[in-house]
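Read in order, the letters of the sequence shown correspond to residues 26 to 197 in this note's numbering.
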Amino acid sequence: YRLAPAFPYPAAIKDVKSAVRWLKSNGAEKVVLVGYSAGGTLALSAGLSRDTQVAAIVSVAAAADLDSWAASVAFPQAKVDVANYLNGASSREASPLFAVRSGAPPVFLFHGDDDQLVPIAQSVMMAEKLKAEKVPVLFRVVSKAGHEVVLTPKHVKSVLKDLTPFLFGLDR
């Protein structure tokens, strides 16, 4: 996907949606959006959109509410990155937390409990909002894991233990 500041919101989300359309027009029966960190935020944003029909969304260590994320981390660059990404657009419109709706596809969230870049509170908020809208959600916390949760083999094993049945359960 294209990156800000050269390509601000909603360019990256349009890229994800375009990829889904391409997959479907080329024979894909089921598309599952999977993303980590900023990619997790994009997977949620695109997958929760009414005009993107996906079988499920898998989001790892993603920011759900861009304003509260930028305000909650000790990295000054976060505020700059969000401002560059939004380029004047509404952070509420660009935050997947506010796109949650009844009838959305199932969502698998996982997050390290020691994530300093994207605090676990972001996934907690998302899981609560999904549950409130009766969207099927599986939320897994990976103990003693930081933002690199998917980059270490020991954490990947624990996540795959839950992710595999989640994905195979989509046929039911």
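Think of the CB as a built atom: it goes at the ideal place given N, C-alpha and C, for glycine as much as any other residue.
With 16 as the cutoff for other CB atoms within 10 Å, does residue i come out buried or exposed?
i: F207; result: Because the chain is modelled from 26 through 197, residue 207 falls outside the range shown and cannot be assessed.
i: V41; result: buried
i: W47; result: exposed
i: T177; result: exposed
i: A99; result: exposed
i: F193; result: exposed
i: T189; result: exposed
i: L185; result: exposed
i: L195; result: exposed
i: A96; result: exposed
Between which two residues does the alpha helix (DSSP H) holding residue i run?
i: F193; result: P178 to F193
i: V175; result: Counting along the chain, V175 falls outside any alpha helix (DSSP H), and DSSP gives it neither H nor E.
i: I145; result: That residue, I145, is in no alpha helix (DSSP H); it is neither H nor E in DSSP.
i: D92; result: L91 to S97
Hey, would you say residue i sits closer than 8 Å to residue j, going by beta carbons?
i: Q141; j: G171; result: yes
i: V59; j: V83; result: yes
i: T66; j: A53; result: no
i: S116; j: L91; result: yes
i: L122; j: A89; result: yes
i: V174; j: V167; result: yes
i: N109; j: A36; result: no
i: F135; j: V85; result: yes
i: A68; j: P130; result: no
i: Y34; j: A119; result: yes
i: R126; j: E158; result: yes
i: K182; j: D139; result: no
At which residues does the beta strand (DSSP E) containing residue i begin and terminate?
i: R27; result: That residue, R27, is in no beta strand (DSSP E); it is neither H nor E in DSSP.
i: V83; result: A81 to V85
i: V107; result: First-last for V107: P101 to L111, but that is the alpha helix (DSSP H), not the beta strand (DSSP E).
i: R165; result: V162 to V167
Looking at the structure shown, is residue i part of a helix, part of a strand, or coil, going by DSSP?
i: A152; result: helix
i: S120; result: coil
i: G60; result: strand
i: V45; result: helix
i: G65; result: helix
i: G137; result: strand
My understanding is that residue i touches residue j, with C-beta atoms under 8 Å, so please give their C-beta distance in whole angstroms.
i: S62; j: V143; result: 7 Å
i: V45; j: T77; result: 6 Å
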